[in-house]
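Colleague: Here's a structure for you.
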Amino acid sequence: MMHNDRREFIRKAGIGMLAGMGAASGILTGGGFERTTSAAWAAVPGEHGRRWGMLIDTRRCREGCTLCIESCHHTHNVPAVKSPDETVEWMHKEDGRELLGSLCSSTAALPALCNHCVEPSCARACPTDSIFRRTDGIVAIDYHRCVGCRSCMQSCPYGEVSFNWSDPRASLKNPSLDYPTRQRGVVEKCNFCSDRLVRGKKPSCVEACPEGAISFGNLNDPSSEIRKLLESSETLQRKPELGTRPSVFYII
Amino acid sequence: MRKKNILIIGLLAALLVVLVSSFRAGAESESPAEADAARVDSSACVYPKEYMQTHHMQVLEDWKNTAAHEGPDAVHETADGRKFQKNLSTCLACHGSNRYFCFSCHAYANVTPNCWNCHISPLDTP
Amino acid sequence: MIEQALKGHRSYLIWSFALLALAAGAAYASALQSADGFVHTGMGNNAIWGLYHAQLPFLASIAAASLAMLVPGTLQKHSFLAPLAPLAAFLGAIASAMSLLFIAADLGMQRRILTLFLNPSPGAPASWQAPLLLLFLALSLAVGWAQVGAMRKGVKQAVWIRSAVMIAIPAGLALPVISAFRLAVVPGSELWTSALLAPRLMVSGVAASAGMMLLMAVTAEKLAGFKAGEEALERLAAVAAWAGLGSLALTGLEAGTAMLGNVTAKTTALSLLYGNSPFALASWFSLLAGALSTGFLLMPSLRRSSIAAASFGALLALSVWLQSGLTLILAGQLRNGSVAVGYAPALPEILLTTGVWAGAVLIITVLLKITASAQLEREGL
Ligand code: SF4
Ligand code: SF4
């Protein structure tokens, strides 16, 4: 009898321990879906620290306007490579349906950039930890370390990483002097303007948009402007079903 | 026997859990970012002139290796409490005013550092 | 024993020099590439990875499979595989060396290659690849060399070989798993996130390496007097056959699940291989060649003929190379079946790839020669 009890206890304890460890490691906690409705945002369990995020109000985005892209690419010396098979982009415009799926009724071209995912699959692919998530939620690339294996490019489900197939300086006409270029053989992508944030400036695309369609702020701060906008509007993210938890949102 | 089996299975499962969770690329431990705006202080050099003459490469190498991963916290604090953004442009904010500052010496010492592969050299500025 | 490499028939020397010439071509192509980057390849935004990366899963599976023959051949006293054990060790060493070369060839910043070893991130499967390959290379090379030495001197093999093999087992088994996990980090790509990928690599690797060993052993027997023993050859053919069957079964299971579930993502992944895809021809050829060679090798009467067994073994290996080497990567990276832009490797890229393979074949040739003469020497005593 005694013996049986003990056996039972050990078995249960084992199961309990495993479940506890599963939860602790985050495996058994909630799914990958980001809350995109106002009610849900209000109920976000406290995530601490900073998580920079962006909200693009597509209703205000002008057709045919590329000011945000031009400003971004000029600020960061993104080369304008001619060959379509070798283009380098930090920001681009894409058909809304392609971008956001069938929930998006518009087929107008909408701005797209790196989503600075909370669960970045690019970082999980990098053999050298050269693309990684910073403490403020920005997914950054260490251009001094990248070996150019293009694993991150392969594994970003949004195609937001570009590779420098050729020398980027050859395709740069009028470089801005206070940001470096890259060199042949490394990847590059949007850095959420971490270079400007550190100087207390807003991202360059945010400032460039004449319609004020792009807002930027800390998603983890309930009093930030972007959180208020998120809580008062219905928003979409790109491919939320993949569990990457993008930090770029779209108001349709 | 059974106890032993359970123990072994439990241990294996625990190992599996640890392995799997190590495959989740998460954020490096989140801390409230206190490094905010305008920290670039280029009024006086990070180290004394004599030290920099012989050791600037080590300082820059260290910045190069750590700055990106430290991200918002990539701040160099000197012994006397002055703070610098770990960035080549922190240096160039002063030394860029003499466009030959780096090059005259590097040419003399016959070294070609690869900084200017990406960073825009003062020689290329108008 | 190294001097045996330089002596031999005229045909042996001509063959070796031809391979050497091809390997020199690879050196030329790689010099070209380090000067000008990937402009000399067919890679671009539509084909992020090309011929180089496409070799990696296959080679990893070969390295792991070499254990299937090395372990019983080394650890069991009277295994029929014992005469083949050094050969298996060399196969594993060569496969991992080739993997490392292809990894290096595929880097945009080759001078940062040490970063792969100095800055690993444990959370990324890709970080484990290069260090493990290096470890496996060192272990299998040491084991193979020591075994040939022991065979030549006619002494018992050293005790440390057993421990080296014991360490090589987990390292080798991890190789195809890591290859598969490297692909599994790509969300939304059903071809790559399949849980069957790792087992498929392992099983098909056993089939392919048994097939290649058959080819190697029979060729060496006919040309250099290498003796593997009839029983070993026949059992090898049986291993190839059953592993081939297992690999076909896994392919079938994957396809069956996709078609019965009719999940769009899964059927799209399938059609990237067999449907309206630039790689359909290669995929179908691989499937048919695999079925054909497995079928023939399963027939005992056929596999008793060493020539037939060697040819079908080679065909099986080719089929596996096409499947887990080429189409897995090249088709798998196409994000959308409808915009399947083909990838055509450029000449320098082909030169480099064939050159690395030629170098590998050259090393195998020389090793077989050395092993065969070690055997002859021992019999002459
Ligand atoms: S959008 Fe792509 S590149 Fe950006 S963090 Fe997410 S996975 Fe990485
Ligand atoms: S290309 Fe660079 S950043 Fe991307 S995975 Fe490779 S090493 Fe990491």
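Each protein sequence line maps, in turn, to chains U, G and R.
Heads up: the first sequence begins at 23 in this note's numbering, then just goes up one per residue.
Heads up: the second sequence begins at 14 in this note's numbering, then just goes up one per residue.
Heads up: the third sequence begins at 14 in this note's numbering, then just goes up one per residue.
C-beta: ideal position from N, C-alpha, C; glycine also.
Restricting to runs no shorter than 4 residues, where is the alpha helix (DSSP H) found entirely within the segment 184 to 251 of chain U?
Modeller: Listed in chain order, they are 216 to 219 and 226 to 230.
Colleague: Is it a yes or a no for the segment 357 to 364 of chain R touching the segment 304 to 311 of chain R, going by three-plus beta-carbon pairs under 8 Å?
Modeller: Output reads no: the segment 304 to 311 of chain R does not touch the segment 357 to 364 of chain R.
Colleague: Answer yes or no: the CB of I153(U) versus the heavy atoms of ligand 2, is any distance below 7 Å?
Modeller: The residue you call residue 153(U) lines up with position 131 of the first sequence. Flag set: Cβ of I153(U) near ligand 2.
Colleague: Using only CA atoms, which one of G269(R), G63(R), A251(R) and V84(R) lies nearest to F309(R)?
Modeller: If you number the third sequence from 1, residue 309(R) lands on position 296. F309(R) has its Cα closest to that of A251(R), out of G269(R), G63(R), A251(R) and V84(R).
Colleague: K115(U) bridges to which residues according to DSSP?
Modeller: Taking the first sequence and counting its residues from 1, one reaches residue 115(U) at position 93. DSSP lists P133(U) as partners of K115(U).
Colleague: Tell me which residues share the same chain as E182(U) and place their Cβ nearer than 6 Å to its Cβ, disregarding the 5 neighbours each side in the sequence.
Modeller: Position 160 of the first sequence, counted from the first residue, corresponds to residue 182(U). Once the five neighbours on either side are set aside, the close Cβ partners of E182(U) are C136 and K211.
Colleague: For H278(U), is the beta carbon positioned less than 7 Å from some heavy atom of ligand 1?
Modeller: The displayed coordinates of chain U run from 23 to 274. Any statement about residue 278(U) would go beyond what the structure contains.
Colleague: In this structure, how does DSSP classify A50(G) when only helix, strand and coil are distinguished?
Modeller: Locating residue 50(G) in the second sequence gives position 37, counting from the first residue. Below a pLDDT of 50, predicted positions are generally treated as unreliable, and A50(G), at 42, falls in that range; no measurement from the model is reported.
Colleague: What first and last residue would you give for the alpha helix (DSSP H) that runs through G265(R)?
Modeller: The residue you call residue 265(R) lines up with position 252 of the third sequence. Segment E243 to G274, the alpha helix (DSSP H) holding G265(R).
Colleague: State the beta-bridge partners of L258(U) as determined by DSSP.
Modeller: For the purposes of this step, residue 258(U) is taken as the residue at position 236 of the first sequence. Paired residue(s): Y272(U).
Colleague: Across which residues does DSSP place V161(U) in a beta bridge pair?
Modeller: Locating residue 161(U) in the first sequence gives position 139, counting from the first residue. In DSSP, V161(U) forms a bridge with R155(U).
Colleague: Looking at the strands, I want to know which residues DSSP matches up with V88(G).
Modeller: Locating residue 88(G) in the second sequence gives position 75, where the first residue counts as 1. According to DSSP, V88(G) bridges with Q98(G).
Colleague: Any residues whose CB sits closer than 6 Å to a heavy atom of ligand 1? List them in chain order?
Modeller: With the cut-off at 6 Å, the residues found are C136(U), N137(U), H138(U), C139(U), P142(U), S143(U), C144(U), V161(U), C178(U), Y180(U), E182(U), V183(U), K211(U) and T266(U).
Colleague: Interface residues of chain U around T125(G) at Cβ under 8 Å?
Modeller: If you number the second sequence from 1, residue 125(G) lands on position 112. None at all; the shortest Cβ gap to chain U is about 14 Å.
Colleague: Could you tell me the boundaries of the alpha helix (DSSP H) in which L210(R) lies?
Modeller: Locating residue 210(R) in the third sequence gives position 197, where the first residue counts as 1. Per DSSP, L210(R) belongs to the alpha helix (DSSP H) from L210 to A237.
Colleague: Can you pull out the residues from the segment 44 to 62 of chain R whose beta carbon lies closer than 7 Å to at least one beta carbon of chain U?
Modeller: Of all residues in the segment 44 to 62 of chain R, G50, F51, V52, G57, N58, N59, I61 and W62 have a Cβ within less than 7 Å of some Cβ in chain U.
Colleague: Taking Cβ positions, are P99(R) and V161(R) nearer each other than 8 Å?
Modeller: On the third sequence, position 86 is the one that residue 99(R) refers to. On the third sequence, position 148 is the one that residue 161(R) refers to. Yes. Within cutoff.
Colleague: Does M225(R) come within less than 8 Å of chain U when only Cβ atoms are used?
Modeller: Position 212 of the third sequence, counting from 1, holds the residue named residue 225(R). Not closer than 8 Å to any Cβ of chain U, the Cβ of M225(R) fails to qualify, so no.
Colleague: Between the segment 324 to 341 of chain R and the segment 117 to 124 of chain G, can you find at least three pairs of beta-carbon atoms closer than 8 Å?
Modeller: No contact exists between the segment 117 to 124 of chain G and the segment 324 to 341 of chain R.
Colleague: Quick one, which residues of the segment 197 to 220 of chain R are near chain U if we go by CB-CB under 8 Å, in chain order?
Modeller: The segment 197 to 220 of chain R vs chain U, Cβ under 8 Å: V198, V199, P200 and G201.
Colleague: Where does the unbroken beta strand (DSSP E) through I78(U) begin, and where does it stop?
Modeller: Working through the first sequence from its first residue, we reach residue 78(U) at position 56. From DSSP, the beta strand (DSSP E) with I78(U) extends over W74 to D79.
Colleague: Skipping 5 residues on each side, what residues in its chain have a beta carbon closer than 8 Å to that of D243(U)?
Modeller: As a first step, residue 243(U) is located in the first sequence; it is residue number 221 there, counting from the start. The residues are R72 and R249.
Colleague: Can you tell which of C168(U), E253(U) and V220(U) has the C-alpha that lies nearest to the C-alpha of D86(G)?
Modeller: Taking the second sequence and counting its residues from 1, the one referred to as residue 86(G) is at position 73. For D86(G), the nearest C-alpha among the options comes from V220(U).
Colleague: Have a look at G157(R), P144(R), M229(R) and V276(R) and flag the residue whose alpha-carbon is nearest the alpha-carbon of A187(R).
Modeller: Numbered from 1 along the third sequence, position 174 holds the residue referred to as residue 187(R). Minimum Cα distance to A187(R) is reached at P144(R).
Colleague: What are the boundary residues of the alpha helix (DSSP H) that includes F325(R)?
Modeller: To locate residue 325(R), count along the third sequence from 1; it is residue 312. From DSSP, the alpha helix (DSSP H) with F325(R) extends over S319 to V333.
Colleague: Please give the ranges of any beta strand (DSSP E) in the segment 32 to 68 of chain R, keeping only runs that are unbroken, at least 3 residues long and fully inside the region.
Modeller: Qualifying beta strand (DSSP E) stretches: none in this window.
Colleague: Just curious, the alpha helix (DSSP H) that A137(R) is in, first and last residue?
Modeller: Position 124 of the third sequence, counted from the start, is the residue given in the question as residue 137(R). From DSSP, A137(R) is part of no alpha helix (DSSP H); its letter is neither H nor E.
Colleague: Is there at least one Cβ from chain U nearer than 8 Å to C115(G)'s Cβ?
Modeller: Sequence index remark: in the second sequence, residue 115(G) carries index 102 (1-based). False, the Cβ-Cβ gap to chain U never drops below 8 Å.
Colleague: Distance cutoff 8 Å, beta carbons only. Does V208(U) sit that close to anything in chain R?
Modeller: Residue mapping note: residue 208(U) aligns to position 186 of the first sequence, counting from 1. V208(U) counts as touching chain R.
Colleague: For the putative contact between I126(R) and V169(U), defined by C-beta atoms under 8 Å, what is the C-beta separation to the nearest angstrom?
Modeller: Indexing the third sequence from 1 puts residue 126(R) at position 113. Indexing the first sequence from 1 puts residue 169(U) at position 147. Yes, I126(R) and V169(U) are in contact; Cβ-Cβ is about 7 Å, under 8 Å.
Colleague: Would you verify that the beta carbon of C131(G) is, or is not, closer than 8 Å to some beta carbon of chain U?
Modeller: Taking the first residue of the second sequence as 1, we reach residue 131(G) at position 118. Output row for C131(G): interface = yes.
Colleague: Is the beta carbon of F130(R) sitting closer than 8 Å to the one on L69(R)?
Modeller: Locating residue 130(R) in the third sequence gives position 117, counting from the first residue. Locating residue 69(R) in the third sequence gives position 56, counting from the first residue. Contact: no.
Colleague: Residues of the segment 75 to 92 of chain G in Cβ contact with chain U at a cutoff of 9 Å, in chain order, please.
Modeller: The residues in question are K77, N78, A80, A81, H82, E83, G84, P85, D86 and A87.
Colleague: Put N78(G) into one of helix, strand or coil per three-state DSSP.
Modeller: Residue mapping note: residue 78(G) aligns to position 65 of the second sequence, counting from 1. Here N78(G) sits in helix by DSSP.
Colleague: I want to verify the contact list: residues of chain U whose CB lies under 9 Å from the CB of T138(G), in sequence order.
Modeller: Looking up residue 138(G) in the second sequence gives position 125. Chain U residues near T138(G): L199.
Colleague: Terminal residues of the continuous alpha helix (DSSP H) containing T277(R)?
Modeller: Walking along the third sequence from the start, residue 277(R) turns up at place 264. Counting along the chain, the alpha helix (DSSP H) containing T277(R) begins and ends at T277 to Y287.
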